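Chains A and B, in that order, give the protein sequences.
Each residue of the first sequence is one higher than the one before, starting from 1 at the first, in UniProt numbering.
Each residue of the second sequence is one higher than the one before, starting from 1 at the first, in UniProt numbering.
Note that the Cβ used here is the ideal one computed from N, Cα and C, for glycine as well.
These numbers come from a predicted model, not from an experiment.
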Amino acid sequence: MSTSQSSDHDSKQDLINYVLRLGDDALILGHRLSEWVSRGPFLEEDIALGNVALDYIGRSRMCYNYAAELSGEGKTEDDFAYLRDERQFQNFLINELPRGDFAYTIARQLFVDVFNKHYLSALLQSKDQTLAAIAAKGIKETQYHLRRSREWTLRLGDGTDESHQRMQTAIDELWGYTHEIFEHDDIEQRLIDAGIAVDAAAFQKQWLADVSAILAEATLTVPDAEWAVRGGREGYHTEHLSLLLTEMQFVYRAYPNAKW
Amino acid sequence: MSLEHLELFEVFVRSARGLDHKHAGSLHAADHEQALEYARDCYTRRSEGVSIWVVKSRDICASQEDDSDSFFDPSDDKPYRHATYFPLPKEVGNM
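Take a look at the structure:
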């Protein structure tokens, strides 16, 4: 009896961990995108980027609310977003990298959007009804995000010499961060076995094929570089995350429970 | 990217319960496809629409202010073009 209880507890803890990871990916990328607000290349694109940012922040809220509900203890979404430190965030590193120039933002969105298209399609089949519902909402958003990032990739890649060069530089700089998004640890393996989590490795080849096709059409080159950076799911981050958190969490921590 | 490379488009949105597309505003975009997406982002983000048309502003042929006299004034003295001009016979009742 006690063993079964402890295993229940562990599987619940696994699920909370997993939900927080998905929430962290969404929140951190959403925050990065929100940094474009008022700095977009022109008004229409500024608003479009803000919309995408809000889709991600909305997704993170669904995840954090679910994690709060699972953990009980009276936690709220704000506790997860604002009161955890760098080491407790478990987002993939690609999401926390600075927004860079516009080409860099577009290249990252392309990689992430193609990834999410496959990831959320698989998550739709999750035995966890809440995660399946989050995926159902996310997949519609992602279809639109991908439409945007694909078109911008074609426009910039096959545009001027400068836009082509900036896209290629961004792709080369980001490539090493696209490996860990297909990896998982024991926590996620247990959830994959239980039919709850997604095994991203299953669609890695399809992701590469999709991305390669778009890059080829955009006259851009798929990097063959071997380097890979990893650590996000373990809480080991680049130096950029702490600066992002400082800005994002400052008001909440300086004025706890402030209302406006 | 500067605005000089972009075209001006007019946006028409049909709301969920509306039968016709109504002019919602204008925006800049590189081509029709992008204009449609920006229209979605700028003019339907509060669930205003179920259908969008975009058309290049320069493709719209508009009447000119100078033509007002000849275009519109001649109909001012033709009230019989309004159905309400004609008294209804009592037998018809309400129409």
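Neighbour flag for residue i against chain A, beta carbons, 8 Å
i, result
"Glu37/B", "yes"
"Ile41/B", "The displayed chain sequence assigns Asp, not Ile, to residue 41/B. Judged by the 8 Å Cβ criterion, Asp41/B is in contact with chain A."
"Glu33/B", "yes"
"Val92/B", "no"
"Asp76/B", "no"
8 Å Cβ cutoff, residue i in contact with chain C
i, result
"Arg58/B", "The structure shown contains no chain C; its protein chains are A and B."
Cβ-Cβ distance between residue i and residue j below 8 Å
i, j, result
"Leu22/A", "Arg108/A", "no"
"Glu96/A", "Leu244/A", "yes"
"Leu27/B", "Ala35/B", "yes"
"residue 270/A", "Gly235/A", "Beyond the ends of chain A as shown, which are 1 and 260, falls residue 270/A; an answer cannot be given."
"residue 96/B", "Leu8/B", "Chain B is shown from 1 up to 95; residue 96/B falls before or after that span and cannot be answered."
"Asp186/A", "Ala225/A", "no"
"Arg99/A", "Trp152/A", "no"
"Leu120/A", "Tyr177/A", "no"
"Phe203/A", "His118/A", "yes"
"Ile106/A", "Leu156/A", "yes"
"Ile62/A", "Ile139/A", "Checking the sequence shown, residue 62/A turns out to be Met, not Ile. For Met62/A and Ile139/A, no; Cβs fall outside 8 Å."
"Cys42/B", "Ile47/A", "yes"
"Ala170/A", "Tyr104/A", "yes"
Whole-angstrom distance between residue j and residue i, CA atom to CA atom
i, j, result
"Ser2/A", "Tyr64/A", "Low per-residue confidence applies at Ser2/A: pLDDT is 43, beneath 50, and the placement is therefore not dependable enough to give any value."
"Ser4/A", "Ala136/A", "Residue placement at Ser4/A is flagged as unreliable, the pLDDT there being 48, under the threshold of 50; the coordinate-derived value follows with that caveat. Distance between the alpha carbons of Ser4/A and Ala136/A: 32 Å."
"His184/A", "Asp199/A", "8 Å"
"Gln206/A", "Phe102/A", "26 Å"
"Ser34/A", "Arg190/A", "34 Å"
"Thr238/A", "Phe80/A", "20 Å"
"Arg59/A", "Ala209/A", "27 Å"
"Ser51/B", "Met167/A", "33 Å"
"Ala258/A", "Gln13/A", "30 Å"
"Asp123/A", "Glu65/B", "Contrary to the premise, residue 123/A reads as Leu rather than Asp in this sequence. So the alpha carbons of these two residues sit roughly 59 Å apart."
"Arg84/A", "Ser71/A", "15 Å"
"Asp73/B", "Glu91/B", "36 Å"
"Glu48/B", "Ala228/A", "45 Å"
"His164/A", "Ala29/B", "20 Å"
"Ile196/A", "Val11/B", "43 Å"
"Ala39/B", "Arg32/A", "23 Å"
"Thr246/A", "Asp24/A", "15 Å"
"Lys22/B", "Trp53/B", "9 Å"
"Phe71/B", "Tyr80/B", "18 Å"
CB contact check: residue i to chain B, cutoff 8 Å
i, result
"residue 263/A", "Within the shown structure, residues of chain A are numbered from 1 to 260, placing residue 263/A beyond reach of any answer."
"Arg155/A", "yes"
"Arg99/A", "no"
"Thr3/A", "Note that Thr3/A scores 46 on pLDDT, short of 50, meaning its location in the model is unreliable; the coordinates nonetheless yield the value given after this. With 8 Å as the cut-off, Thr3/A does not count as an interface residue toward chain B."
"Val211/A", "no"
"Glu151/A", "yes"
"Arg148/A", "yes"
Cβ distance (whole Å) where residue i is taken to contact residue j below 8 Å
i, j, result
"Arg233/A", "His179/A", "The Cβ separation is near 12 Å, so there is no contact."
"Leu110/A", "Val251/A", "About 32 Å; that fails the 8 Å criterion."
"Tyr56/A", "Ala26/A", "5 Å"
"Thr142/A", "Asp161/A", "Wrong, their Cβ atoms sit about 31 Å apart, outside the cutoff."
"Asp158/A", "Thr219/A", "5 Å"
"Ala37/B", "Arg148/A", "Reading off the sequence shown, one finds Glu at residue 37/B, where the question assumed Ala. Contact holds; Cβ gap of about 6 Å."
"Glu217/A", "Leu131/A", "Contact doesn't hold; Cβ gap of about 33 Å is too wide."
"Leu49/A", "Gly40/A", "6 Å"
For this session: Please name the residues in the segment 45 to 72 of chain A whose beta-carbon is closer than 8 Å to at least one beta-carbon of chain B, in chain order.
Result: Per Cβ criterion, the list reads Glu45, Ile47, Ala48, Asn51.
For this session: Output, in sequence order along the chain, the residues in the segment 5 to 29 of chain B whose CB is closer than 8 Å to any CB in chain A.
Result: Leu6, Leu27, His28, Ala29
For this session: Compile a chain-ordered list of the residues in the segment 45 to 70 of chain B whose CB is closer than 9 Å to at least one CB of chain A.
Result: Arg45
For this session: Using a Cβ-Cβ cut-off of less than 9 Å, give me the residues of the segment 155 to 187 of chain A that come near chain B, in sequence order.
Result: Arg155, Ser163
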